[in-house]
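Peer 1:
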Amino acid sequence: MTKKFILWGQALLLILAFISMIVIGSISVSASTAFTGLDTEDINGDKVINMADIILIAYHFNSTASGTNYDIKCDLNNDGAINMSDVILIALKFNKIISVATNTPSMVPTPTSTKVPSPNATPTQPPIPVFKDVSVHDPSIMKTNGTYYIIGSHLASAKTNDLIGWQQISSSVSNTNPLIPNVYIELKESFDYAQTTTMWAGDIIQLKDEKYYMYYCLCKGDSPLSTLGVAVSSSVTGPYKDLGIILKSGMSGVSSDGTNYNATKHPNVVDPDTFFDNNGNLWMVYGSYSGGIYILKMDSTTGKPLPGQGYGKKLLGANHSRIEGPFMLYSPDSGYYYMFLSFGGLDASGGYNIRVARSKNPDGPFVDAAGNNMIDCRGPAGTIFDDKAIEPYGTKLMGNFRFVESGTGYVSPGHNSAYYDADTKKYYLIFHTRFPGQGEAHQVRVHQMFINEDGWPVVAPHRYGGETIGKYSLEDVCGDYAYVNHGKDINAAIKNSVKISLNKDGTISGSVSGKWQHNGDNGIRLTISGTNYTGVVLKQWDNGLKKFVITFSALTKNGNVAAWGSRIN
Numbered sequence: 049m050t051k052k053f054i055l056w057g058q059a060l061l062l063i064l065a066f067i068s069m070i071v072i073g074s075i076s077v078s079a080s081t082a083f084t085g086l087d088t089e090d091i092n093g094d095k096v097i098n099m100a101d102i103i104l105i106a107y108h109f110n111s112t113a114s115g116t117n118y119d120i121k122c123d124l125n126n127d128g129a130i131n132m133s134d135v136i137l138i139a140l141k142f143n144k145i146i147s148v149a150t151n152t153p154s155m156v157p158t159p160t161s162t163k164v165p166s167p168n169a170t171p172t173q174p175p176i177p178v179f180k181d182v183s184v185h186d187p188s189i190m191k192t193n194g195t196y197y198i199i200g201s202h203l204a205s206a207k208t209n210d211l212i213g214w215q216q217i218s219s220s221v222s223n224t225n226p227l228i229p230n231v232y233i234e235l236k237e238s239f240d241y242a243q244t245t246t247m248w249a250g251d252i253i254q255l256k257d258e259k260y261y262m263y264y265c266l267c268k269g270d271s272p273l274s275t276l277g278v279a280v281s282s283s284v285t286g287p288y289k290d291l292g293i294i295l296k297s298g299m300s301g302v303s304s305d306g307t308n309y310n311a312t313k314h315p316n317v318v319d320p321d322t323f324f325d326n327n328g329n330l331w332m333v334y335g336s337y338s339g340g341i342y343i344l345k346m347d348s349t350t351g352k353p354l355p356g357q358g359y360g361k362k363l364l365g366a367n368h369s370r371i372e373g374p375f376m377l378y379s380p381d382s383g384y385y386y387m388f389l390s391f392g393g394l395d396a397s398g399g400y401n402i403r404v405a406r407s408k409n410p411d412g413p414f415v416d417a418a419g420n421n422m423i424d425c426r427g428p429a430g431t432i433f434d435d436k437a438i439e440p441y442g443t444k445l446m447g448n449f450r451f452v453e454s455g456t457g458y459v460s461p462g463h464n465s466a467y468y469d470a471d472t473k474k475y476y477l478i479f480h481t482r483f484p485g486q487g488e489a490h491q492v493r494v495h496q497m498f499i500n501e502d503g504w505p506v507v508a509p510h511r512y513g514g515e516t517i518g519k520y521s522l523e524d525v526c527g528d529y530a531y532v533n534h535g536k537d538i539n540a541a542i543k544n545s546v547k548i549s550l551n552k553d554g555t556i557s558g559s560v561s562g563k564w565q566h567n568g569d570n571g572i573r574l575t576i577s578g579t580n581y582t583g584v585v586l587k588q589w590d591n592g593l594k595k596f597v598i599t600f601s602a603l604t605k606n607g608n609v610a611a612w613g614s615r616i617n
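Just remember that our numbering sits 48 ahead of the position in the sequence shown, which is counted from 1.
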C-alpha cells in the first residue's frame, strides 16, 4: 500500500472524528468562524457543501499534484498551504449542511454527491461485458421494480437487470407457458377467429391501478384476419387473465369503423404499443402492412379504447406497404415523440430496417429528418409491397451491415422497442436481429441511443455493454475507422464497412473524403461527399475485436441517412 493511500485513509479518519465530535458536542462552532462566503467552501461547485467538498480537500492535502482549479479554493484559511486546518474547517461547515443556493441550513443531511470528479470528467471505463443472449422476436420492453422485461411474438419473454445478461422466461405458445397458462382455452375466441395456433407481437404496460396489462394479437398470416385483445395480471410475469378482444380486422362485412373492411385502407390489428404521453394520457399505436399504422386514445382505467373511435387515427401507410411494428418514445430532452417503425420484410432476405419520425404530439403529424410528412408514406393504389415508394420516408437508423475487421454485423434488424431510463438519463433501442451467414436464427440486441444537436436519435454502433458517454479529446477521436453508411434503401444486401481516417487536420481520407469537426465534449460533425452529418462520439466494447474502441454515430442534417464509425487502430 502506498504512502499516499495511507495518508488518505488517515485524513478520512480525522474527518470522521471531527464530525463525530461536532455531533456529540465536543467542539463548538462559533458564529464568527472565519468563512468569507459560502461559495468559498463549495469546492466542486455543485451548490451545496457536502462530503464531496471534504473529500476534495483531503485529496489535495495528501496529493503531490498541484496547479489544478481546486488548489486555491482548497486553502480555506488562506495560509498558503492545503493542510489539515482546511480539512477541519470544511468538516465543521459540512455539519451545518449549508445550501449555497438558499444560504440556509438544509433539513435533509444527505450529500448530493460523494464521488470525486476526475480531472477530465471522463467516466470510468466499465468492466468487459459478459453477454448472455436470448431469442425474443419483436421485443417490447418495460421496466418494473428495477428489472427490465421484454415480451414478443409466440408469447416469448425474457428479463434482465442490466440489459447485458438476459434470462429467458418463456419461448413458445403452449398451455404450459407461465404468462398465460392454458392459453388455447383462455384465448379460444381469438385463436378461432384468426385461424392460427400462434401469437404475434405483444406489449405489457403497468397502469395506474398497479396491475399489468398485456396487449396480445393473433393473425392468420396470409391475410389480415386478426384480433387484438388485452389480459391482466397482478404480476408482470403472469398468470394473465383475458379481458377480451378490443379490435378485429380482416372480416367480410362491417369493420370496427362502421364501413366494410378494406385491407388497403383499414389496419391489420397487430403490433400494439400502449404508452402514456407526457400529460399522463394513455394511447395505443398499432398496425402492420395492409392499411397502415393507426393510433387510439385509451381508457387508463379499463385499459381499453375510449368509445366512438373505430380504428382510430391513421398516421401513415396504406396499400399493403411493408411498414409495421410502431413504437412510441417521448424524450424529455427534446420534447418530441419519436415513432419508431420497421420497413421491409422481416426475414433474412427482406431488407428489414429501423426508421423513426417525430412529432410534438403523440398522434402526429409525424415528419422525418428530411421534412417528409409521414401520412404521405404509402405505396400507390393498386400496388402491393412497393418498397421503392416508401424508401424516401422515415429516418433510417439501421439496416443490414457488417464491420469487416470486427466481423460483427446484423441482418434484418427491426421490430424494435425503445426505453428512456429516467434514473440514468440513458436511451435504449431494443430489437431482434438476424446475422450474416446465419439464416433465420435471431437474438435480442440492445444499443444505446443519444439525441443529437438536431433533436434526432442516433444509435451507437455496437451493442450496449454498460458504457456511459464521456468527454473525448481530439486525440482520442483521430484515427482509422470501419465506416458504414446505412443509406435509404430497402434490400437484402449487406453493407460492408470501408476504411476511413479522421485526421488531425480535420480532413477525412480513405474510401470517402470530406471534413470533420470535434464538437464539444462528445459531439461530432462530418461533411462527407458534400453531405453534412451531426452525431456523437462514444467509447464502446467491440465484441469482435475484443477491446474498447472509440465510435461515432451521426445522421444527415435535413436527411434520412445514418453513418457509423468504429475505430480499428
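Even glycine gets a Cβ: it sits at the ideal position worked out from N, Cα and C.
Take arginine 482 and list the residues in its own chain whose beta-carbon comes closer than 6 Å to its own, dropping the five residues that flank it on each side.
Peer 2: Ala396, Val459, Ser460, His490
Peer 1: From what residue to what residue does the alpha helix (DSSP H) around glutamine 238 run?
Peer 2: Strictly speaking, residue 238 in this sequence is serine, with glutamine absent from that position. Where serine 238 is concerned, the enclosing alpha helix (DSSP H) stretches over 236 to 242.
Peer 1: Looking at the unbroken beta strand (DSSP E) that takes in glutamate 372, where does it start and where does it end?
Peer 2: 371 to 378
Peer 1: Going by DSSP in three states, phenylalanine 142 sits in which element: helix, strand or coil?
Peer 2: Its pLDDT being 43, under 50, phenylalanine 142 is placed unreliably in this model, and the value from its coordinates should be taken loosely. DSSP places phenylalanine 142 in helix when its eight states are reduced to three.
Peer 1: Would you mind listing the beta strand (DSSP E) stretches within the stretch 571 to 598 that are 3+ residues and don't spill past its ends, in chain order?
Peer 2: 571 to 576, 579 to 590
Peer 1: Going by other Cβ atoms of all chains shown within 10 Å of its Cβ, with 16 needed for buried, is glutamine 486 buried or exposed?
Peer 2: exposed
Peer 1: Write down every uninterrupted run of the beta strand (DSSP E) in the stretch 173 to 202 whose length is 3 residues or greater and which is fully enclosed by it, in chain order.
Peer 2: 188 to 192, 195 to 199
Peer 1: Might you give, ordered along the chain, the residues of its own chain that have their beta carbon closer than 6 Å to the beta carbon of arginine 573, omitting 5 neighbours on each side?
Peer 2: Gln565, Asn567, Thr582
Peer 1: Using CA coordinates, which residue listed in Lys563, Val546, Ile542, Lys543 is at the minimum distance from lysine 552?
Peer 2: Lys563
Peer 1: When DSSP builds the beta bridges, which residues end up paired with leucine 389?
Peer 2: For leucine 389, which the question treats as bridged, DSSP gives the partners Arg403.
Peer 1: Going straight from the alpha carbon of proline 153 to that of glycine 419, what length do you get?
Peer 2: Note that proline 153 has pLDDT 31, beneath the 50 cutoff, so the model's placement of it is unreliable and the number below is only indicative. Rounded to whole angstroms, proline 153 to glycine 419 spans 52 Å at the Cα level.
Peer 1: Going by CA-CA distance only, name the one from Leu227, His495, Asp240 that's closest to tyrosine 467.
Peer 2: His495
Peer 1: Any chance you could list the alpha helix (DSSP H) runs of at least 4 consecutive residues sitting entirely within the stretch 426 to 463, in chain order?
Peer 2: Listed in chain order, the complete alpha helix (DSSP H) runs (minimum 4 residues) inside the stretch 426 to 463 are 435 to 438.
Peer 1: Between lysine 352 and the rest of its own chain, which residues show a CB-CB distance below 6 Å, the 5 nearest in sequence each way excluded?
Peer 2: Ile294
Peer 1: Is it a yes or a no for the stretch 261 to 270 touching the stretch 233 to 241, going by three-plus beta-carbon pairs under 8 Å?
Peer 2: By the Cβ criterion, the stretch 261 to 270 is in contact with the stretch 233 to 241, since at least three pairs of Cβ atoms, one from each stretch, lie closer than 8 Å.
Peer 1: What residues match up with isoleucine 556 in a beta bridge as DSSP calls it?
Peer 2: Leu550, Gly562
Peer 1: Once the 5 residues before and after glycine 269 are set aside, which same chain residues still bring their CB inside 8 Å of it?
Peer 2: Thr244
Peer 1: Would aspartate 186 be called buried (16 or more neighbouring beta carbons within 10 Å of its own) or exposed?
Peer 2: With a threshold of 16 other beta carbon atoms within 10 Å, aspartate 186 meets it and is buried.
Peer 1: Rounded to whole angstroms, what is the Cα-Cα separation between methionine 299 and threonine 604?
Peer 2: 43 Å
Peer 1: Determine, using beta carbons only, whether glycine 328 and serine 369 come nearer to each other than 8 Å.
Peer 2: no
Peer 1: What did DSSP end up calling aspartate 424 once you bin it into helix, strand or coil?
Peer 2: Taken through DSSP and simplified to helix, strand or coil, aspartate 424 comes out as helix.
Peer 1: In angstroms, rounded to a whole number, what distance separates the CA positions of serine 281 and proline 380?
Peer 2: 30 Å
Peer 1: Using only the alpha-carbon positions, how far apart do asparagine 608 and lysine 289 sit?
Peer 2: 43 Å
Peer 1: For the stretch 523 to 533 and the stretch 426 to 444, state whether three or more C-beta atom pairs, one from each stretch, are separated by less than 8 Å.
Peer 2: No, the stretch 523 to 533 is not in contact with the stretch 426 to 444.
Peer 1: Does DSSP put leucine 522 in a helix, a strand or coil?
Peer 2: helix
Peer 1: Which first and last residues belong to the beta strand (DSSP E) in which alanine 611 is found?
Peer 2: 610 to 615
Peer 1: Compare the beta carbon distance of proline 374 and isoleucine 341 with 8 Å and say whether it is the shorter of the two.
Peer 2: Going by C-beta atoms, proline 374 is nearer than 8 Å to isoleucine 341.
Peer 1: Which residues in the same chain have their Cβ closer than 7 Å to the Cβ of phenylalanine 324, if we skip the five residues on either side of it in sequence?
Peer 2: Leu330
Peer 1: What residues in its chain sit with their C-beta under 6 Å from that of serine 303, if we drop five residues either side in the sequence?
Peer 2: Tyr309, His314
Peer 1: What do you get for alanine 602, buried or exposed, if any count of 16 or more other CB atoms within 10 angstroms of its CB means buried?
Peer 2: buried
Peer 1: In its own chain, which residues sit with a C-beta less than 7 Å from the C-beta of glutamate 488, not counting the 5 before and 5 after it?
Peer 2: Asp395, Ala396, Arg482
Peer 1: With DSSP run on the structure shown, which of helix, strand or coil describes valine 492?
Peer 2: strand
Peer 1: So which of Tyr378, Gly392, Asp251 has the shortest CA-CA distance to arginine 406?
Peer 2: Tyr378
Peer 1: Please report the distance separating the alpha-carbon of tyrosine 384 from that of valine 178.
Peer 2: 34 Å
Peer 1: Keeping to the same chain, check which residues put their C-beta closer than 7 Å to that of lysine 536; ignore five residues upstream and five downstream.
Peer 2: Glu439, Pro440, Lys444, Asn608, Val609
Peer 1: When the Cα atoms are used, what is the spatial distance from aspartate 416 to methionine 387?
Peer 2: 10 Å
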